[in-house]
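Student: Questions regarding the structure given below will be posed in turn.
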Amino acid sequence: MLGRAVLACRCPALRPPIAAFSTSPGVLKRKPKQWSKPNLNDRIASTQSVSRLLDVYAKDNLQFTRLHLAMTASRLGKLRTPYHKFADVDKQIFHDLASELTRRLPELTARDFSNALHGLTRARAPDSVISALIDYFVSEMDLDEFQLTELSMVVHGLASNRFSAQSCAAFNHVEDRLVELITNDRGVGPQHVANIVWSYATAGAYGASVYGAAETYVATHGLDDFKPQELGNLIWGFMRSHPNHGSFVFEAVADHLEARPLQDFTTQNIGNIVAGFAKADQGLSTTVLEAVVQHMTQRLPDWLAKPQNLCNALWALALFEATDLVPLKSVLDGLSTVQLGLLEKRQLYQFMLEASLASDAPLTTLYPSLYAATRAAMMADDSSRESGRSAFVPAGLDAVTRALEDRHLHFEINVMTDIGYTADVEVHWPVAAHRDHGVLIMIDGPSRYWKRKMRLRSRMKKRHLTGSGYHVLSFPYFALSEETIDAALDELERQLTRDRKA
């Protein structure tokens, strides 16, 4: 302070205004600056709870521009508190916010809209709010104004919202534009490709053309720039897309993993990748499997902290007949001390059986309690937990029944297992020969594609029915259209007519 005073005396030009210092005798003190209220942007971005964020809107909503509305919606998603856990007063404020956002949708830029939609879907906003945004997006917004990042946020948000029937229009609407941007390499990166493939796979749009665009990107750019999470999302997406199980992407990733160390991979990354290969009936080399087991051995506490990843990897190793690589004692001792879910127990049961056969080790007697728990889970009926994507099969079933009604055919919907996953329709066709049992239309739901066991059951059932005299039509639920159904029914009618004449 003394140095500043001397400098001010010697150099009047540098002397600060006298008002900047206090007039207290003896010591010169700078007066504290007046406190200023943080601007609205900072207040929205710095909130750490839903209540505080919505309180900002409640107090200052008159100052909210379209940017502030989009920021608030986006921030709600980042706080990761779902709508159903909001307090009642927060729900009321949220509905006011959603109403204002919906009213001012024409003011939003493409970036504002994508941020808002992504945030609201991650916050599990009510369907009425999401539907309003989807309707506006499909009917009013120009896709040419969207960058690839913004479009990928839109589809990623809708997929994260546990894809509902009304979202189909948005995925179909944006598909061609996404393919164009990826194919023309307009600002596209590995994260875009992985997120888009993951989104369409999660949505159940298994026949979408984005998979072909992703293949083109991988063939052109390779996989060196893909982060572990992006590799996991890419493989997971192609695994869920049953028509793409033969894609060269699996071979490309398998070759890439042989030359890439796994030190920077998390347990979730590795679990998703190896399980994705196993579910798609694609192989991994012994080198890669040894690297997976080495990662598992060196970081076993991390694997045990997330047992679902460990059980995923063990189940995949069982399918690859590589249980001999696993240090059974340390892994099973660790799993005996953690809590497992139903799916993890089923995966572990299959691994223990395979490992027992491969090593001649009596694992069922060495770990009796673990074996009993996993076996009980394997026998349990969990059809109620497999009803997540019920929007698709009923939609396909409606299309099939309309086509049958137009032909004035009598039919019975006699099987609908794991509600929302599979549907079988028995048709009484007049032109069928007396020796025929009739026609059975099978709508194959997701469980018949992404569950190995269900795929085998489906194939066996079709062979058995065909051998018993049924004519079996099988439709994948993700590729049902009026044209497809009509063409299949017309061809079947011609075949039945020929058989009857013969």
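Quick note on the working numbering: the sequence shown kicks off at -8 and runs consecutively.
We treat Cβ as the ideally placed atom computed from N, Cα and C, and that holds for glycine.
Owing to the predicted nature of the structure, the values given are computational and were not obtained by experimental measurement.
Tell me, please, which residues DSSP counts as bridged to SER465.
Tutor: Taking the sequence shown and counting its residues from 1, the one referred to as residue 465 is at position 474. Beta-bridge pairing links SER465 to MET433.
Student: Is PHE402 helix, strand or coil by DSSP?
Tutor: Residue mapping note: residue 402 aligns to position 411 of the sequence shown, counting from 1. It is a strand residue.
Student: Report yes or no: do the stretch 133 to 145 and the stretch 83 to 95 share at least 3 C-beta pairs separated by less than 8 Å?
Tutor: No: the two stretches stay apart, fewer than three of their Cβ pairs being nearer than 8 Å.
Student: Unbroken alpha helix (DSSP H) runs of length 4 or more, entirely within the stretch 71 to 159: which are they?
Tutor: Annotation: the stretch 71 to 159 contains the following complete segments of the alpha helix (DSSP H) (minimum length 4 residues), in chain order: 79 to 94, 101 to 113, 118 to 130 and 139 to 151.
Student: Could you tell me which residues DSSP pairs with GLU171 in its beta bridges?
Tutor: Position 180 of the sequence shown, counting from 1, holds the residue named residue 171. According to DSSP, which records beta bridges pairwise, GLU171 is partnered with nothing at all.
Student: When the distance is taken between beta carbons, is ALA64 closer than 9 Å to LEU111?
Tutor: As a position in the sequence shown, residue 111 is number 120, starting the count at 1. As a position in the sequence shown, residue 64 is number 73, starting the count at 1. In contact: LEU111 and ALA64 (Cβ atoms closer than 9 Å).
Student: Distance, Cα to Cα, LEU480 vs HIS462?
Tutor: Position 489 of the sequence shown, counted from the start, is the residue given in the question as residue 480. Position 471 of the sequence shown, counted from the start, is the residue given in the question as residue 462. Their backbone Cα atoms lie some 11 Å apart in a straight line.
Student: Please determine if the stretch 284 to 299 and the stretch 320 to 337 are in contact, where contact requires at least 3 C-beta pairs separated by less than 8 Å.
Tutor: yes
Student: Between GLU484 and PHE239, what straight-line distance do the alpha-carbon atoms span, to the nearest angstrom?
Tutor: Counting from 1 along the sequence shown, the entry for residue 484 is found at position 493. Counting from 1 along the sequence shown, the entry for residue 239 is found at position 248. If you draw a straight line from the Cα of GLU484 to the Cα of PHE239, it comes to about 38 Å.
Student: Classify HIS517 as buried or exposed, calling it buried when 16 or more other Cβ atoms lie within 10 Å of its own Cβ.
Tutor: In the structure as shown, the chain begins at -8 and stops at 493. Residue 517 is therefore absent and cannot be evaluated.
Student: Determine whether the beta carbon atoms of ALA36 and ARG66 lie at a separation below 9 Å.
Tutor: Taking the sequence shown and counting its residues from 1, one reaches residue 36 at position 45. Taking the sequence shown and counting its residues from 1, one reaches residue 66 at position 75. Yes.
Student: Within 10 Å of its beta-carbon, does GLN285 have 16 or more other beta-carbons around it, so buried, or fewer, so exposed?
Tutor: One-based indexing of the sequence shown puts residue 285 at position 294. Looking at its Cβ environment, which holds fewer than 16 other Cβ atoms inside 10 Å, GLN285 is exposed.
Student: For HIS233, write down the residues that DSSP places opposite it in a beta bridge.
Tutor: Here the question's residue 233 lines up with position 242 in the sequence shown. Beta-bridge pairing links HIS233 to no other residue.
Student: Sorted by chain position, which residues of the same chain lie with C-beta nearer than 6 Å to ASN497's C-beta, five sequence neighbours on each side aside?
Tutor: Nothing in the structure corresponds to residue 497, since the chain is present only between -8 and 493.
Student: As an exercise, report each continuous beta strand (DSSP E) stretch of at least 3 residues that is fully enclosed by the stretch 186 to 253, in chain order.
Tutor: none
Student: Please report how far the alpha carbon of GLU312 lies from the alpha carbon of SER350, in whole angstroms.
Tutor: Locating residue 312 in the sequence shown gives position 321, where the first residue counts as 1. Locating residue 350 in the sequence shown gives position 359, where the first residue counts as 1. Cα-Cα distance, rounded: 11 Å.
Student: With DSSP as the reference, please indicate the residues paired to HIS419 in a beta bridge.
Tutor: Counting from one through the sequence shown, the residue named residue 419 turns up at place 428. HIS419 pairs with HIS401.
Student: Quick check on LYS270: buried or exposed, where buried means 16 or more other Cβ atoms within 10 Å of its Cβ?
Tutor: Counting from one through the sequence shown, the residue named residue 270 turns up at place 279. When all chains shown are included, LYS270 counts as buried.
Student: Tell me whether VAL184 counts as near the ligand NAD, meaning its Cβ is closer than 8 Å to at least one heavy atom of that ligand.
Tutor: No copy of the ligand NAD occurs in the structure displayed, which carries no ligand at all.
Student: DSSP on LEU354, reduced to helix/strand/coil?
Tutor: By 1-based counting over the sequence shown, the position of residue 354 is 363. Three-state result, LEU354: helix.
Student: Thinking just about the alpha-carbon of each residue, which of PHE77, TYR197 and ASP415 is nearest to the one in THR392?
Tutor: Numbered from 1 along the sequence shown, position 401 holds the residue referred to as residue 392. Closest option to THR392, Cα to Cα, is ASP415.
Student: Given a cut-off of 9 Å, decide if ALA346 and ALA304 are closer than it, judged by their beta-carbon atoms.
Tutor: What you label residue 304 is simply residue 313 of the sequence shown in a count that begins at 1. What you label residue 346 is simply residue 355 of the sequence shown in a count that begins at 1. Contact: no.
Student: Just checking my contact of LEU58 with PHE85 at CB under 8 Å: how many whole Å lie between their CB atoms?
Tutor: Here residue 58 is taken as the residue at index 67 of the sequence shown, counted from 1. Here residue 85 is taken as the residue at index 94 of the sequence shown, counted from 1. Contact flag wrong, Cβ pair sits at about 19 Å.
Student: Please determine, among MET287, TYR127 and VAL317, the residue with the shortest C-alpha to C-alpha distance to PHE256.
Tutor: On the sequence shown, position 265 is the one that residue 256 refers to. PHE256 has its Cα closest to that of MET287, out of MET287, TYR127 and VAL317.
Student: Could you round the C-beta distance between LEU316 and LEU308 to whole angstroms and report it? I think they count as a contact, below 8 Å.
Tutor: Indexing the sequence shown from 1 puts residue 316 at position 325. Indexing the sequence shown from 1 puts residue 308 at position 317. Contact flag correct, Cβ pair sits at about 7 Å.
Student: Hey, VAL188 and TYR202 are a contact pair by Cβ (cut 8 Å); roughly how many whole angstroms apart?
Tutor: By 1-based counting over the sequence shown, the position of residue 188 is 197. By 1-based counting over the sequence shown, the position of residue 202 is 211. VAL188 to TYR202, Cβ: 7 Å. Contact.
Student: Starting from SER65, trace the alpha helix (DSSP H) both ways and give me its first and last residue.
Tutor: The residue labelled residue 65 in the question sits at position 74 within the sequence shown. Segment 57 to 69, the alpha helix (DSSP H) holding SER65.
Student: Whose C-beta lies closer than 8 Å to the C-beta of PHE55 among residues of the same chain, with five residues either side of it excluded?
Tutor: Within the sequence shown, residue 55 is the residue found at index 64, counting from 1. Taken in chain order, the residues that qualify are LEU31, TYR48, THR63 and GLU91.
Student: By how many angstroms is the C-alpha of ALA185 removed from the C-alpha of MET343?
Tutor: Numbered from its first residue, the sequence shown carries residue 343 at position 352. Numbered from its first residue, the sequence shown carries residue 185 at position 194. Taking the straight line from one Cα to the other gives about 33 Å.
Student: Is GLN273 helix, strand or coil by DSSP?
Tutor: Working through the sequence shown from its first residue, we reach residue 273 at position 282. In the structure shown, the three-state DSSP call for GLN273 is coil.
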